[in-house]
Each structure stands twice: as structure tokens, then as C-alpha cells.
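Quick note, the sequences are listed as chains H and S, same order.
Residues 32 to 146 (my numbering) make up the first sequence, in order.
Residues 133 to 243 (my numbering) make up the second sequence, in order.
As C-alpha cells, the structure follows; a few thoughts come after it.
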Amino acid sequence: DAGVIQSPRHEVTEMGQEVTLRCKPISGHNSLFWYRQTMMRGLELLIYFNNNVPIDDSGMPEDRFSAKMPNASFSTLKIQPSEPRDSAVYFCASSSSGTRYNEQFFGPGTRLTVL
Amino acid sequence: SQQGEEDPQALSIQEGENATMNCSYKTSINNLQWYRQNSGRGLVHLILIRSNEREKHSGRLRVTLDTSKKSSSLLITASRAADTASYFCATYTGANSKLTFGKGITLSVRP
Chain H
32 DAGVIQSPRH EVTEMGQEVT LRCKPISGHN SLFWYRQTMM RGLELLIYFN NNVPIDDSGM
92 PEDRFSAKMP NASFSTLKIQ PSEPRDSAVY FCASSSSGTR YNEQFFGPGT RLTVL
Chain S
133 SQQGEEDPQA LSIQEGENAT MNCSYKTSIN NLQWYRQNSG RGLVHLILIR SNEREKHSGR
193 LRVTLDTSKK SSSLLITASR AADTASYFCA TYTGANSKLT FGKGITLSVR P
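Listed below in C-alpha cells is the structure:
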């Protein structure tokens, strides 16, 4: 199994530009999570999906952030317009809520730098 | 506020020593999990302990759980330089799919 796949691994963009981060969860997993990690705030849950449906987006910082999961094998996190304070590492994780214990499998992350 | 709070925030030990990291949480849980994050990488699941368990072992890892004190500890025995990483506890309440992570402990193992 390839594990959770994220792209791009690194993204450098200028303030005001649109940024799209992509995630392919592990096949068969039906829960998908987007996290943001910074030195100041640690690991923050932004949004998660069960069976492609957004369940809790209370962690999404503001309307500039949006996430979609059009099918079981693909999700995007979009920032429009981007700001320097969005610079962080963004992780996608997946799990199988069919199991009882919900161990999560993380992707390698996308390091976003907004200039 | 964070469900899981790790202690200490940073730990530096000599190779071969044992490393003990603690986690406290606030609400009732279904299970508690520990994850490791190497620099520049995603988190990796290490071990899970259920609310009805008190101790669990996996290789050089030993996890304890005290639900009366709402706390857990992770012990790494005979540490190696390769154990240098950040360690996170995460709690699962069973109410939904999500885990709540603490802020992490930075462990440095000196060769």
C-alpha cells in the first residue's frame, strides 16, 4: 500500500494567490482529515470527512479556506486568497471508521510558504 | 483547549537511558494513542491503549493509562539516537471519528 499521498510536497506562492493542496487517502479508508501544523499553534484539525461528507469544519480558520472530497479517493484543500500567516505544513490523514479504534495514517505533508 | 497535554515539552537524554513522557486529558475517552513525528515527516502511529486497559507493551515501548487520573505515560526503554523525534498523545472519545492531539514532546537522544 502506498499510504496517504499528498501533493505538492512543497509550495511557495505569493500573497493573494490561490493554493490547492491534494490528498489521496489509503484505499478502503472512509474518514479523511486535514490538519495544519505550525510551531506556534501545534497540530490543528481543520476539517474531516466521513464517507466523503464533511462532518466538522469548525477548525477551518476562515472563509478563505475550503475543502472538498468529490469521491472516496481524492480530497482538496483550497486557500483563496492566500496570506503569509497561512504558511505551515498541511497534513492529510485517513482512517477506517469501520474499525473501533480509529488509528490515523498521515501523509508526508505539504509545506506551504506564502510570501 | 487541548484534550491532551504532554509533559515535559522537551526531553534530552543519553543513548541507552529510558525516556518517560506523560499525557493528561480532560474528558472520558474510548482510547488513547501515541504518535511519533520525525523531523519533516508526517505522524506515525506507535501504540494504542483502550480505556479498559492499564498497561500495554510493544517492543521497547510501554504505555500506561490511569483513567482515574486521566493520564497516560509512554516509556521508551534503552533509547537510541533514532528515537529522536516529537511524540504526541491523542485521545479518541468514540463520539465521532476524530482524534484530539496534544502539542507534543520533543525528545532528543544524544549518541
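Think of the CB as a built atom: it goes at the ideal place given N, C-alpha and C, for glycine as much as any other residue.
{"Query": "Does the count of Cβ pairs from the region 158 to 165 of chain S and the region 177 to 191 of chain S closer than 8 angstroms reach three?", "Result": "yes"}
{"Query": "How would you label Gly-236 of chain S, buried or exposed, when you count the other beta carbons within 10 angstroms and need 16 or more for buried?", "Result": "buried"}
{"Query": "When you compare the CB of Phe-96 of chain H with every CB in chain S, is at least one pair closer than 8 angstroms?", "Result": "no"}
{"Query": "List, from N- to C-terminal side, the beta strand (DSSP E) runs of 3 residues or more that fit wholly inside the region 74 to 139 of chain H.", "Result": "84 to 87, 96 to 102, 105 to 110 and 119 to 126"}
{"Query": "With DSSP run on the structure shown, which of helix, strand or coil describes Ala-142 of chain S?", "Result": "strand"}
{"Query": "Drop a sphere of 10 angstroms on the beta-carbon of Leu-146 of chain H, count the other beta-carbons inside from all chains shown, and report buried for 16 or more, exposed for fewer.", "Result": "exposed"}
{"Query": "Checking the sheet assignment: what are the DSSP bridge partners for Gln-165 of chain S?", "Result": "S:Leu-180 and S:Ala-222"}
{"Query": "Can you tell which of H:Ile-78, H:Asp-117 and H:Gln-135 has the C-alpha that lies nearest to the C-alpha of Ala-98 of chain H?", "Result": "H:Ile-78"}
{"Query": "Just to confirm the assignment, what range does the beta strand (DSSP E) spanning Leu-239 of chain S have?", "Result": "237 to 242"}
{"Query": "For Leu-197 of chain S, which beta-bridge partners are listed by DSSP?", "Result": "S:Ser-204"}
{"Query": "In the DSSP assignment, the beta strand (DSSP E) including His-189 of chain S goes from what residue to what residue?", "Result": "187 to 190"}
{"Query": "To the nearest angstrom, report how far apart Leu-143 of chain S and Gly-226 of chain S are at their CA atoms.", "Result": "31 angstroms"}
{"Query": "Taking the continuous beta strand (DSSP E) assigned at Ser-38 of chain H, which residues delimit it?", "Result": "36 to 38"}
{"Query": "In this structure, does DSSP put Ala-210 of chain S in helix, strand or coil?", "Result": "coil"}
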